[in-house]
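Okay, structure first, notes after.
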């Protein structure tokens with residue numbers, strides 16, 4: 436083979452190799468791609484939504500703050516709308532007016548609070564409490580917001596022992612709570628953390644809501660005490676639960692704290 440042919444063959448071989456390398460780069464070695472991703476979904480707490488296991492709360496439009504409800508929680512709570520989940524607790528009583536008063540609603544609230552205050556220390560406390568409940572039932576039959584709850588609290592031949600139930604549970608809860616005075620915690624959408632629903636400085640609120648874990652049907656997860664523990668394993672106290680729970684639910688709603696499903700049973 437002459438020098439000219441050898442040089443030509445080397446030239447062709449080099450050209451072929453260069454072509455193959457170029458083809459490999461073009462077809463086999465793809466560059467790394469970074470697809471455009473949408474914005475991430477915020478967590479429940481970041482978006483203000485109620486996290487799973489917590490209790491949501493909203494205030495009924497054009498109503499007043501119930502005296503037993505925490506003022507801070509009331510200010511931070513969002514107004515209830517048709518889109519508010521049915522599991523939320525609805526708070527608020529009466530109607531706001533330009534004068535600030537609300538006549539009959541305020542009078543009923545004052546009488547109710549007085550009866551609750553006097554029940555623990557009175558020898559006839561249960562008679563007082565039961566009388567207040569009977570009056571409440573009569574009023575509730577004419578109140579569209581309460582009427583459905585009266586049907587779940589039919590009078591019994593033997594009155595419920597409200598005083599024994601609430602007094603026993605108040606004492607038991609103080610031992611179980613280990614210094615925590617808050618009986619019910621709900622999700623504060625503004626602070627994005629759990630906060631106390633009730634005003635812990637109100638004796639009436641603490642006495643009435645000591646039974647909450649037992650008589651209130653909620654979706655809270657892993658927070659409730661059982662009825663037997665709240666009763667101090669007292670059988671007589673436990674027997675009062677199914678009797679008293681519907682009326683306590685009615686009472687709470689009349690005082691501006693309406694639970695979504697008034698159901699309770701001994702756990």
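Numbering (the numbering used here), first residue to last: 436 to 702.
Ideal Cβ placement from N, Cα and C applies to all residues, glycine included.
| request: Under 6 Å Cβ to Cβ from residue 560, same chain only, skipping five residues before and after it: list those, please. | output: The residue you call residue 560 lines up with position 125 of the chain shown. The answer, listed in chain order, is 554, 598.
| Is the beta carbon of residue 665 less than 9 Å from the beta carbon of residue 646? | Against the chain shown, residue 665 aligns to sequence position 230. Against the chain shown, residue 646 aligns to sequence position 211. Yes, the Cβ-Cβ distance between residue 665 and residue 646 is below 9 Å.
| query | Buried or exposed: residue 596, going by 16 or more other Cβ atoms within 10 Å of its Cβ? | reply | Residue numbering aside, residue 596 sits at position 161 when the chain shown is read from its first letter. Buried is the call here.
| field | Beta-bridge pairing of residue 705 - partner residues as DSSP gives them | value | Missing from the structure shown is residue 705; the chain here goes from 436 to 702 and no further.
| query | Is DSSP giving residue 692 helix, strand or coil here? | reply | Residue mapping note: residue 692 aligns to position 257 of the chain shown, counting from 1. Reduced to three states, the DSSP call for residue 692 is strand.
| query | Assuming residue 504 and residue 523 make a contact with CB atoms under 8 Å, what is their CB distance in whole Å? | reply | As a working mapping, residue 504 is identified with position 69 in the chain shown. As a working mapping, residue 523 is identified with position 88 in the chain shown. About 14 Å; that fails the 8 Å criterion.
| query | Any idea which residues DSSP pairs residue 487 with across the strands? | reply | In the chain shown, counting from the first residue as 1, residue 487 sits at position 52. Looking at the DSSP assignment, residue 487 forms no beta bridge with any residue, so it has no partner.
| said: On the CB-based measure, 16 or more other CB atoms within 10 Å of its CB, does residue 648 come out buried or exposed? | reply: Indexing the chain shown from 1 puts residue 648 at position 213. When all chains shown are included, residue 648 counts as buried.
| request: Would you grab the beta carbon distance between residue 601 and residue 685 for me? Rounded to a whole angstrom, and I think it's under 8 Å. | output: Looking up residue 601 in the chain shown gives position 166. Looking up residue 685 in the chain shown gives position 250. Going by Cβ atoms, the distance from residue 601 to residue 685 rounds to 15 Å, so no, they are not a contact pair.
| said: Just to confirm, is the Cβ distance from residue 526 to residue 693 under 9 Å? | reply: The residue labelled residue 526 in the question sits at position 91 within the chain shown. The residue labelled residue 693 in the question sits at position 258 within the chain shown. Taking 9 Å as the Cβ cut-off, residue 526 and residue 693 qualify as a contacting pair.
| field | Beta-bridge partners of residue 623, as assigned by DSSP | value | Mapped onto the chain shown, residue 623 falls at position 188. The partner list for residue 623 (beta bridge, DSSP) reads 628.
| request: With distances taken Cα to Cα, identify the nearest neighbour of residue 607 among 678, 531, 642. | output: As a position in the chain shown, residue 607 is number 172, starting the count at 1. Considering only alpha carbons, the answer is 642.
| If you drop the 5 nearest sequence neighbours on each side, which residues of the same chain put their C-beta closer than 6 Å to that of residue 687? | Within the chain shown, numbered from 1, the residue matching residue 687 stands at position 252. Hits under 6 Å: none found.
| query | residue 548 and residue 502 look like a contact to me (Cβ under 8 Å); what is the Cβ gap, rounded to whole Å? | reply | The residue you call residue 548 lines up with position 113 of the chain shown. The residue you call residue 502 lines up with position 67 of the chain shown. Right, the Cβ-Cβ distance comes to about 6 Å (below 8 Å), so this counts as a contact.
| Rounded Cβ spacing between residue 498 and residue 529 (contact assumed at less than 8 Å) | If you number the chain shown from 1, residue 498 lands on position 63. If you number the chain shown from 1, residue 529 lands on position 94. That pair is a contact at about 6 Å.
| message | So if DSSP puts residue 637 in a beta bridge, which residue, or which two residues, is it bridged to? | response | Here residue 637 is taken as the residue at index 202 of the chain shown, counted from 1. Beta-bridge pairing links residue 637 to no other residue.
| task | Quick one: give me the first and last residue of the alpha helix (DSSP H) that residue 562 is part of. | result | What you label residue 562 is simply residue 127 of the chain shown in a count that begins at 1. Looking at the DSSP string, the run of the alpha helix (DSSP H) that includes residue 562 is 560-575.
| message | Buried or exposed, going by whether 16 or more other CB atoms sit within 10 Å of the CB of residue 675? | response | Here residue 675 refers to the residue found at position 240 of the chain shown. Answer is buried; the Cβ neighbour count reaches 16.
| said: Taking only three categories from DSSP, how would you classify residue 666? | reply: The sequence position of residue 666 within the chain shown is 231, counting from 1. Note: residue 666 maps to coil in three-state DSSP.
| Sorted by chain position, which residues of the same chain lie with C-beta nearer than 7 Å to residue 512's C-beta, five sequence neighbours on each side aside? | Residue 512 sits at position 77 when you count from the first residue of the chain shown. 492, 493, 494, 526.
| query | Which whole-angstrom value describes the C-beta separation of residue 620 and residue 609, a residue pair presumed to lie in contact below a C-beta threshold of 8 Å? | reply | Within the chain shown, the letter at position 185 stands for residue 620. Within the chain shown, the letter at position 174 stands for residue 609. That pair is no contact at about 17 Å.
| field | Under 9 Å between C-beta atoms of residue 720 and residue 574 | value | Outside the shown range of the chain (436 to 702) lies residue 720, about which nothing can therefore be said.
| residue 518 in three-state terms, based on DSSP | Locating residue 518 in the chain shown gives position 83, where the first residue counts as 1. Coil.
| Which one of 506, 519, 486 has the shortest CA to CA distance from residue 496? | One-based indexing of the chain shown puts residue 496 at position 61. That would be 519, whose Cα lies nearest to the Cα of residue 496.
| task | Using only alpha-carbon positions, find the residue among 644, 577, 500 that is nearest to residue 603. | result | Against the chain shown, residue 603 aligns to sequence position 168. Per the Cα distances, 644.
| Mapping DSSP to helix, strand and coil, what is residue 493? | For the purposes of this step, residue 493 is taken as residue 58 along the chain shown, with counting starting at 1. The answer is strand: DSSP assigns residue 493 an E or B state.
| message | Bridge partners for residue 650 per DSSP, in chain order? | response | As a first step, residue 650 is located in the chain shown; it is residue number 215 there, counting from the start. Paired residues: none, contrary to the question.
| field | Alpha carbon of residue 618 to alpha carbon of residue 633, nearest angstrom | value | On the chain shown, position 183 is the one that residue 618 refers to. On the chain shown, position 198 is the one that residue 633 refers to. C-alpha separation (whole angstroms): 8 Å.
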